[in-house]
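Numbering (UniProt numbering), first residue to last: 1 to 167.
If you want it as structure tokens, here you go:
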């Protein structure tokens, strides 16, 4: 069995902010490519490839599909995805219907759905199992993670996921 990347017995449906990272299978660089290296004045940024565009479309649907989840920031790197999101622990969705899953399953369910739908659209198994998370405990932590996500494309060559994708 793989290493557990989440806190045991932690309620991931409780109100709070989370930094989530999930990776492509074998860290394959299939989601985006980093552009801007050739233009000194341009910021580095991910240019989405077909799988990344499909994933991005599903990320845009999260507010409708998961009204208890608010997406604050996301970055689709070549072989991994970072999400900064919060969970509203309210008992009902925006439409007033009861929540469709137990609170502890809300974030894992959303990640599973993102992976499943992109796999279906690409007709391929794109994703490594599981995801990594960090529970954000302060405003300083939130701001540090936001900055990390913004700087991630510029630091792609130094990223540990880059080395694994391009041995």
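Virtual Cβ for every residue (Gly too), placed ideally from N, Cα, C.
Residue 115 sits buried, since 16 or more C-beta atoms from the chains shown fall within 10 Å of its C-beta.
At the C-beta level, residue 82 and residue 24 stay beyond 8 Å of one another.
A Cβ-Cβ distance of about 16 Å is found for the pair residue 71 and residue 152, leaving them out of contact under the 8 Å criterion.
Taking one beta carbon from each stretch, the segment 48-59 and the segment 26-34 have 3 or more pairs nearer than 8 Å; the two touch.
When only Cα atoms are considered, residue 55 and residue 120 end up about 11 Å apart. When rounded, the separation of the alpha-carbon atoms in residue 131 and residue 143 is 21 Å. Every unbroken stretch of the alpha helix (DSSP H) spanning 4 or more residues and falling wholly within the UniProt domain "Transposase IS200-like" (13-152) is given here in chain order: 50-60, 62-65, 106-122, 139-151.
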